[in-house]
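There are 2 protein chains.
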Amino acid sequence: MMELTRKGEYAIRGIIYLAQQPPGRVSLISEIAAAAEVPQTFLAKIFQSFAKLGLVTSSRGTGGGFVLARPASAITLREVVEAVEGPILPNRCLLGSACDRGGPCRVHAVWKQVQTEVVHILDGVTIDTLARNP
Amino acid sequence: MMELTRKGEYAIRGIIYLAQQPPGRVSLISEIAAAAEVPQTFLAKIFQSFAKLGLVTSSRGTGGGFVLARPASAITLREVVEAVEGPILPNRCLLGSACDRGGPCRVHAVWKQVQTEVVHILDGVTIDTLARNP
DNA sequence: TATAAAGGGGATCAAATTGGTCCTAAAGGT
DNA sequence: ACCTTTAGGACCAATTTGATCCCCTTTATA
Ligand code: SF4
Ligand code: SF4
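Now the structure itself:
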């Protein structure tokens with residue numbers, strides 16, 4: 001239960017690689033994919049999501065590629081995960097939409113607590129922490 | 001991300017109904033399904049899992065049905081959820097199997113922390129708490 | 001101004017998972 | 001015997017996941 005998908009794994013590995021490059025260094029998607037051991041075309045989609053959300057900046061044409069849009073210390077693991085997996089939502093009813101049954105039941109509060117706690121943990125981890133080598 | 005499936009929702013609703021019955025009262029699957037608003041044949045599978053894990057006891061034939069195998073105060077939400085959704089595992093690498101890449105990376109510890117925290121929350125909630133009406 | 005080197009984005013696809021039904025067998029009561 | 005009720009397997013449609021392909025646009029530079 002609650003498993004991260006491949007997309008999530010790949011997203012994290014990809015952005016960590018980017019964070020490990022010298023600041024300002026532009027990386028090709030092919031380079032990132034090779035380093036992170038991720039199918040290139042799949043990773044390209046992931047980085048498109050990153051770019052749309054402003055986590056990375058992309059440039060096209062010769063000499064193009066990807067760079068972090070902010071310092072790695074200002075990008076949280078939550079942002080990365082939510083960029084590709086959508087919001088942390090242990091139960092549908094946590095999204096505004098009222099429960100299709102009576103009102104919110106007692107379980108509701110438990111899922112809310114789970115959500116809050118997980119968000120808190122993932123928000124407390126930044127990419128620069130993850131990028132530091134053992 | 002991390003969404004509970006229908007099966008999980010149904011499992012919780014079903015066992016809460018059972019916990020709301022007078023102690024010792026046997027409930028038919030048809031009755032539980034109607035009360036919990038869950039497809040009956042689907043719920044039957046769910047309760048089979050409960051029975052195998054010893055959360056409920058089942059009896060066949062006339063007068064048969066389901067009863068909680070333990071007091072509702074001794075059944076945790078985690079047991080119920082894991083019975084149908086499998087263990088709380090935010091990332092595959094948390095299951096003994098070593099990472100297919102280098103060694104465990106720094107992200108590993110984060111998922112471990114998420115797992116621990118979620119398990120802790122769900123272990124702290126028992127079915128009798130959930131069964132009490134507003 | 002070609003041309004090559006990138007990323008953007010849509011279409012498409014196979015495999016896996018989810019959500020659910022159906023049928024037969026087994027067990028238990030009358 | 002016969003009815004009731006769960007057990008368990010086979011099966012199925014819809015959705016999601018994990019990817020690949022192809023064509024388009026942007027950009028540098030020869
Ligand atoms: S039954 Fe409770 S947990 Fe389930 S959707 Fe409704 S409010 Fe949420
Ligand atoms: S890269 Fe890290 S988080 Fe991902 S499977 Fe390996 S150890 Fe686990």
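One line per chain: the protein sequences are A and B, in this order. Each step along the first sequence adds one to the number in full-length UniProt numbering, with nothing skipped, and position 20 is 20. Each step along the second sequence adds one to the number in full-length UniProt numbering, with nothing skipped, and position 88 is 88. From the three backbone atoms N, C-alpha and C, an ideal C-beta is built for every residue, glycine too. Quick caveat, the model's predicted, so the values are computed rather than measured.
Runs of alpha helix (DSSP H) with 4 or more residues, each lying fully within the stretch 37 to 87 of chain A, are found at 40 to 53 and 77 to 85, listed in chain order. Judged by pairs of C-beta atoms under 8 Å, the stretch 27 to 44 of chain B does not touch the stretch 44 to 51 of chain A, as fewer than three such pairs exist. Beta-bridge analysis with DSSP links B:T116 to no other residue. For A:G24, there is no enclosing alpha helix (DSSP H), as DSSP gives it neither H nor E.
For ligand 1, no non-hydrogen atom lies closer than 7 Å to the CB of B:C105. Beta bridge pairing from DSSP links A:T126 with A:T76. About 6 Å separates the beta carbons of B:E117 and A:I121, which is inside the 8 Å limit, making them a contact pair.
In this structure A:F42 is exposed. Its beta-carbon is surrounded by fewer than 16 other beta-carbon atoms within 10 angstroms. Relative to the Cα of B:N91, the nearest Cα in the group B:G63, B:A131, B:V107 and B:T129 belongs to B:V107. A direct Cα-Cα distance of roughly 42 Å separates A:L89 from B:T62. Taking 8 Å as the CB threshold, A:L43 stays off the interface with chain B.
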